[in-house]
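Enquirer:
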Amino acid sequence: MLGSLTVRCAGAAARAWPIVLVLALAASAGSLWAVRAHLGINTDTADMISPSLDWRQRYLDFKGQFPHFSDTLAVVVDADTPDLAAAASTRLAAALAERGDVFRWVEQPGDRPFLRRHALLLLDAEERTALARDLVAAQPLLGRLHRDPSLAAVLDLLADALQADVDLPRDTVGRFADRFADAIDAVLDGRFHRLSWRRVMLGDAGDGARQVIVAAPVLDYNQLFPAEDAIAVVRATARALDLEPARGVHVRITGGLAMSDEELRSVSTGASRAAVLALAGVAVVLALGLGSVRLVLATLVTLLAGLLWTAAFAAAAVGNLNMISVAFAVLYIGLGVDYAVHYGLRYRELLMHGLDHAAAIEHAAGDVGVSIALCALTTGAGFLAFLPTSFAGVSELGLIAGVGMFVSLVATLTLMPALLTLMRPRRGGMGRLGVHLPGAQVLDRLGRARPRTVAVSAAAVAAMAAVLAGGARFDDNPLNLRDPGGEAVSTYRDLVAEGRSWTLDVLVADAAEARRAATALERLPEVARVVSLASFVPRDQDTALAQVEELALLLGPDLVGAPGTPSPPGAARAALERLVARLEGTPPADTGLAHLATALARLQDALDAAAPGTTEALLARLQTAVTATLPGELARLGEALDAGPVAVADLPAALVRDWRAPDGRLRLEVEPEADLNDPRALTSFVEAVRGAAPGAVGTPVIHLESGRVVVRAFAEAFALALVCITAILYLVLRRVTHVAAVLAPLLLGALVSVAVLVALDLPFNFANVIALPLLLGVGVDSGIHMLFRARINRAGEALAGSSTARGVLTSALTTTVSFGNLAFSTHPGTASMGVLLTIGMLAMLASTLLVLPALVTLLPAPGGPRADP
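Residue numbers (my numbering): 103 to 971.
(1) Beta carbon of Thr480, beta carbon of Ala176: below 9 Å?
(2) For the pair the region 506 to 523 and the region 452 to 464, tell me if three or more CB-CB distances fall below 8 Å.
(3) Would you kindly report the start and end of the unbroken beta strand (DSSP E) that includes Ile100?
(4) Which stretch, first to last residue, makes up the beta strand (DSSP E) that contains Asp180?
(5) Please check if any C-beta of chain C sits within less than 9 Å of the C-beta of Phe430.
(6) Per DSSP, Gly142 is paired with what?
(7) Going by the beta-carbon positions, is the gap between Phe415 and Val496 smaller than 9 Å?
(8) Going by Cα to Cα distance, which pick from Ser934, Thr912 and Gly885 is closest to Asp863?
(9) Specify the secondary structure class of Leu778 as computed by DSSP and reduced to three states.
(10) Using the C-alpha atoms, what's the distance from Val882 back to Arg617?
(11) Three-state secondary structure (DSSP) at Leu104?
(12) Quick check: the Cα distance between Leu539 and Pro319, rounded to an integer number of angstroms?
(13) At which residue ranges does the region 429 to 482 contain complete alpha helix (DSSP H) runs of 4 or more residues, listed in the order of the chain?
(14) Buried or exposed: Ala703, going by 16 or more other Cβ atoms within 10 Å of its Cβ?
(15) Does His140 pass the burial test, meaning 16 or more other C-beta atoms within 10 Å, or should it be called exposed?
(16) Using the Cα positions of Leu304 and Ala288, report the straight-line distance between them to the nearest angstrom.
(17) Distance check for Thr339 and Ala712, CA to CA, integer angstroms please.
(18) What are the start and end residues of each continuous alpha helix (DSSP H) run of 4 or more residues lying completely inside the region 182 to 225, in chain order?
(19) At 4 residues or longer, what runs of the alpha helix (DSSP H) sit wholly inside the region 675 to 756?
(20) Label Tyr832 either buried or exposed according to how many other C-beta atoms from any shown protein chain fall within 10 Å of its C-beta, with 16 as the threshold for buried.
(21) Quick check: the Cα distance between Phe926 and Gly936, rounded to an integer number of angstroms?
(22) Helix, strand or coil for His248? Go by DSSP, reduced to three states.
(23) Can you round the beta-carbon distance between Ala487 and Cys111 to whole angstroms, since I take them to be within the 8 Å contact cut?
(24) Residue range of the beta strand (DSSP E) that Ile355 falls in?
(25) Taking C-beta to C-beta, are Thr108 and Gly468 nearer than 9 Å?
(26) Enumerate in chain order the residues of its own chain whose CB-to-CB distance from Gln313 is below 6 Å, with the five nearest sequence positions on each side excluded.
(27) What did DSSP end up calling Ala255 once you bin it into helix, strand or coil?
(28) How far does the alpha helix (DSSP H) with Leu606 in it reach, from first residue to last?
(29) Under a Cβ-count criterion, where at least 16 other Cβ atoms within 10 Å of its own Cβ denotes burial, should Ala676 be classed as buried or exposed?
(30) Using 9 Å as the threshold, is the C-beta distance between Leu222 and Leu653 below it?
(31) Between Leu874 and Phe816, what straight-line distance do the alpha-carbon atoms span, to the nearest angstrom?
(32) Skipping 5 residues on each side, what residues in its chain have a beta carbon closer than 7 Å to that of Arg977?
(33) Terminal residues of the continuous alpha helix (DSSP H) containing Val858?
(34) Run the CB neighbour count on Glu600, radius 10 Å, all protein chains shown included, and call it buried at 16 or more, exposed below.
(35) Could you please give the first and the last residue of the uninterrupted beta strand (DSSP E) stretch that includes Ala630?
(36) Within its chain, find whatever has a CB closer than 6 Å to the CB of Val353; leave out the 5 residues flanking it on each side and keep chain order.
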């Protein structure tokens with residue numbers, strides 16, 4: 103029945119070829135419009151998992167309570183010094199906040215006014231005591247520089263410290279001298295430099311040369327890149343403020359929006375380029391395999407029309423492609439061409455046997471129509487097996503590609519005969535039919551003379567591959583699917599390594615439960631600290647206030663009021679002479695002072711050698727390098743000394759919004775102790791936190807649970823595809839031995855593919871996990887074609903020398919060339935899919951050509967129809 107149907111379909115299309123071509127052209131034009139108007143790309147990897155899962159529902163509930171944590175940009179400001187980072191981030195945040203047309207809001211989470219004012223109170227007791235000690239030690243320095251923030255004052259202060267006229271600790275003097283010497287060297291060498299007064303006062307405790315600004319852009323979803331304008335404004339603003347590496351500041355942009363933008367560009371560019379290269383590669387292989395320009399053109403037009411029709415179905419069925427289903431075009435090009443190849447080769451072969459065009463059209467449909475229809479069923483089953491899984495990413499790809507196989511079948515049996523009737527390929531030009539592989543005769547003799555040896559050898563290879571395949575692993579970190587050289591990804595990794603990202607969030611009912619949960623979580627060795635709304639109310643507030651008030655009494659008088667007017671740079675010349683004279687009597691053993699002496703000698707030489715009228719400019723540049731950040735740091739310190747009592751009711755609304763949900767629940771943020779770029783550390787952190795707080799949500803949970811969902815989906819899809827394909831084969835072939843002959847090379851190729859991955863240390867991931875069920879559906883096609891050809895072969899005809907074997911080779915090469923382009927994508931996820939598919943296709947091809955002929959020889963004499971020619 104199926105054979106008769108394919109014959110009538112192809113014959114009718116050939117006879118009514120003008121109507122078929124007009125309808126196909128109209129359908130293609132409509133499909134192109136639908137694709138351009140309605141097909142988009144969603145780069146959110148979290149959306150590739152079914153929202154019905156418990157952990158996904160908790161995550162969506164959290165996003166609903168704190169929507170402002172989504173759709174934001176993180177602007178990371180790195181600088182040579184913490185002083186410079188603080189000043190630069192403040193300037194940049196203020197400038198961005200003025201662009202209300204581009205940003206809904208802009209914040210510095212770690213540098214809010216409330217946090218600056220209460221910075222000392224919010225330290226733990228030990229940190230506050232150590233900081234107070236350092237500040238008291240630096241008090242003489244702070245007071246004098248507040249009154250005169252100039253180069254001359256700095257030089258005089260150092261001279262007095264060396265003479266013990268100023269009570270400064272020895273380590274503070276050494277640190278001060280060394281930082282000052284660095285500034286002199288930088289200015290004399292023509293480098294940008296700003297002395298860090300925070301490091302002078304606090305040493306290593308004053309570090310913090312990285313600040314983060316969070317901005318919520320106004321998104322334009324009419325654009326392919328909704329955050330493009332906001333990202334451009336950040337970069338332009340940073341340039342306008344001279345916040346560039348040459349000025350000691352490096353501004354980078356990351357966050358979900360930036361990574362999605364970056365990935366979408368990478369995927370879009372890579373997918374478009376891969377599709378074009380795949381089409382070009384397929385055309386070359388077709389030219390070599392089909393041996394007829396007109397036959398190649400008919401095949402390519404059929405392929406492109408089917409691709410457009412499939413893309414239109416994708417626009418209607420899913421609307422937005424995800425980071426996996428975006429590869430459907432390359433997959434279709436590699437797979438959809440197979441049916442047209444087999445049909446075209448059989449048509450050409452029949453022409454060479456003397457049939458006229460009309461008879462060749464119908465006989466080709468009768469000979470290969472059943473096999474390509476069966477291939478569409480089995481390949482479609484391999485794709486559609488992903489539909490019942492919770493991994494929506496490949497579920498959508500399975501739906502699109504599965505339907506695409508039937509679209510390709512329809513195109514092959516309708517459009518292809520119409521095109522062949524229009525073009526009428528000539529009988530000549532193909533040469534002798536056959537695969538013409540080097541060693542093809544050897545394969546035939548081996549398959550016929552030593553089939554048991556081939557079968558036993560294949561079983562041994564399968565056993566060894568199965569052992570090696572047991573070491574396969576799954577990489578559940580989606581960052582590894584993105585371009586590691588991209589700014590957004592590399593910056594995000596830096597934040598993860600610092601523990602600033604990939605934290606876990608726990609929602610609790612009230613303050614009492616928050617205290618209990620925080621206590622339990624802080625006991626875990628995997629947890630660095632737990633932050634909640636209560637964290638912004640000092641626990642030992644009375645003691646802390648007393649300590650800050652005492653510190654204010656000691657330092658406050660010297661910091662009251664606006665900074666004094668700095669002495670002119672020219673006054674520094676006399677101060678320099680006094681400092682050099684003091685240094686001459688200082689023991690040279692002190693490394694910091696030795697460095698200072700060398701730098702001062704260089705400065706004196708430069709001043710002596712300077713042209714008349716330029717010494718003032720040199721001293722002015724040095725004064726700027728030394729004192730530029732001093733007023734800001736003194737102001738921050740004065741602000742921190744003005745702290746007062748804090749209660750929950752005193753907390754600013756913007757701060758409370760981050761920690762209290764609209765429904766009254768309180769948020770706890772759990773920070774990891776280890777770098778979660780290490781997958782073992784990530785697993786330990788998630789399992790430990792969820793052991794104490796099962797409802798914890800966050801990116802680490804998404805990664806871990808998504809990986810488990812994908813692995814389970816892969817196993818389910820592979821098993822379902824195998825069952826469906828086996829059932830379809832049995833229904834058609836009606837013999838268990840024939841079904842086994844088709845499946846055995848297939849499973850061998852799959853095992854070898856996984857074994858090669860393990861040997862190359864390439865893991866499965868969210869993108870390439872579809873490969874094995876896909877290869878199961880694709881690889882079975884070759885076995886079906888070879889087995890059906892064995893059924894219609896004339897007595898004694900070599901299977902490896904038939905047009906079917908040539909078609910298997912040509913189809914496998916077109917698929918491999920198509921998939922191989924993905925391997926060169928700049929997007930690592932797409933590239934990993936291409937690598938695995940290429941390895942799998944080559945393994946399947948070798949297994950089919952080497953093993954299947956031997957298994958066919960071992961089978962009982964095949965029954966079924968035989969070709970008249």
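Note that CB positions come from ideal geometry on N, CA and C, so glycine has one too. Remember, predicted model here, so these are calculated numbers, not experimental data.
Expert: Well, looking at it:
(1) For the purposes of this step, residue 480 is identified with residue 378 of the sequence shown, where counting begins at 1. For the purposes of this step, residue 176 is identified with residue 74 of the sequence shown, where counting begins at 1. No.
(2) yes
(3) Here the chain covers residues 103 to 971 and nothing more, so residue 100 does not appear.
(4) Mapped onto the sequence shown, residue 180 falls at position 78. Run containing Asp180: Leu175 to Ala181, per the beta strand (DSSP E) assignment.
(5) Here there is only one protein chain, and chain C is not present.
(6) In the sequence shown, residue 142 corresponds to position 40, counting from 1. Looking at the DSSP assignment, Gly142 forms a beta bridge with Asn422.
(7) For the purposes of this step, residue 415 is taken as residue 313 along the sequence shown, with counting starting at 1. For the purposes of this step, residue 496 is taken as residue 394 along the sequence shown, with counting starting at 1. In this structure, Val496 does not lie closer than 9 Å to Phe415 by Cβ.
(8) Position 761 of the sequence shown holds residue 863. Considering only alpha carbons, the answer is Ser934.
(9) For the purposes of this step, residue 778 is taken as the residue at position 676 of the sequence shown. Coil at Leu778, not helix or strand.
(10) On the sequence shown, residue 617 is found 515 positions in, with the first residue counted as 1. On the sequence shown, residue 882 is found 780 positions in, with the first residue counted as 1. Arg617 and Val882 have their C-alpha atoms roughly 60 Å apart.
(11) One-based indexing of the sequence shown puts residue 104 at position 2. Reduced to three states, the DSSP call for Leu104 is helix.
(12) Residue 539 sits at position 437 when you count from the first residue of the sequence shown. Residue 319 sits at position 217 when you count from the first residue of the sequence shown. The predicted position of Leu539 is uncertain, since its pLDDT is 46 and thus under 50; a value taken from the coordinates is nonetheless stated next. Cα to Cα, the separation comes out at about 60 Å.
(13) 430 to 454, all fully within the region 429 to 482.
(14) Looking up residue 703 in the sequence shown gives position 601. Ala703 is exposed by the Cβ-count criterion.
(15) As a first step, residue 140 must be located in the sequence shown, where it is residue number 38. That one is exposed.
(16) As a position in the sequence shown, residue 304 is number 202, starting the count at 1. As a position in the sequence shown, residue 288 is number 186, starting the count at 1. Their backbone Cα atoms lie some 22 Å apart in a straight line.
(17) To locate residue 712, count along the sequence shown from 1; it is residue 610. To locate residue 339, count along the sequence shown from 1; it is residue 237. If you take the alpha carbons of Ala712 and Thr339, they lie about 37 Å apart.
(18) 184 to 199 and 215 to 219
(19) 693 to 711, 717 to 729 and 732 to 742
(20) Working through the sequence shown from its first residue, we reach residue 832 at position 730. Under this definition Tyr832 is an exposed residue.
(21) Your numbering for residue 926 matches position 824 in the sequence shown. Your numbering for residue 936 matches position 834 in the sequence shown. Rounded to whole angstroms, Phe926 to Gly936 spans 8 Å at the Cα level.
(22) Translated into the one-based positions of the sequence shown, residue 248 becomes position 146. The three-state secondary structure of His248, taken from DSSP, is helix.
(23) Here residue 487 corresponds to residue number 385 of the sequence shown, with the count starting at 1. Here residue 111 corresponds to residue number 9 of the sequence shown, with the count starting at 1. Not a contact, Cβ separation roughly 27 Å.
(24) Numbered from its first residue, the sequence shown carries residue 355 at position 253. Counting along the chain, the beta strand (DSSP E) containing Ile355 begins and ends at Val351 to Thr356.
(25) As a working mapping, residue 108 is identified with position 6 in the sequence shown. As a working mapping, residue 468 is identified with position 366 in the sequence shown. Yes; because the gap between Cβ atoms is below 9 Å, this pair is in contact.
(26) Within the sequence shown, the letter at position 211 stands for residue 313. Cβ within range, chain order: Val179, Ala187 and Ser191.
(27) The residue labelled residue 255 in the question sits at position 153 within the sequence shown. In the structure shown, Ala255 sits in a helix (DSSP, three-state: H, G or I).
(28) The residue labelled residue 606 in the question sits at position 504 within the sequence shown. If you look at Leu606, you'll find it isn't in any alpha helix (DSSP H); it sits in the beta strand (DSSP E) that goes Leu606 to Val610.
(29) Along the sequence shown, one-based indexing puts residue 676 at 574. By the 10 Å Cβ count, Ala676 comes out exposed.
(30) Counting from one through the sequence shown, the residue named residue 222 turns up at place 120. Counting from one through the sequence shown, the residue named residue 653 turns up at place 551. For Leu222 and Leu653, yes; Cβs fall inside 9 Å.
(31) Indexing the sequence shown from 1 puts residue 874 at position 772. Indexing the sequence shown from 1 puts residue 816 at position 714. When rounded, the distance between both Cα atoms is 8 Å.
(32) Here the chain comprises residues numbered 103 to 971, so residue 977 is not present and cannot be evaluated.
(33) Here the question's residue 858 lines up with position 756 in the sequence shown. Counting along the chain, the alpha helix (DSSP H) containing Val858 begins and ends at Val838 to Ala861.
(34) As a working note, residue 600 is residue 498 in the sequence shown. When all chains shown are included, Glu600 counts as exposed.
(35) In the sequence shown, residue 630 corresponds to position 528, counting from 1. Note, Ala630: beta strand (DSSP E), Val629 to Val633.
(36) The count along the sequence shown starts at 1 and reaches residue 353 at position 251. Short of 6 Å from the beta carbon of Val353, and not among the five residues preceding or following it, lie these beta carbons of its own chain, in chain order: Val179, Ala340 and Leu345.
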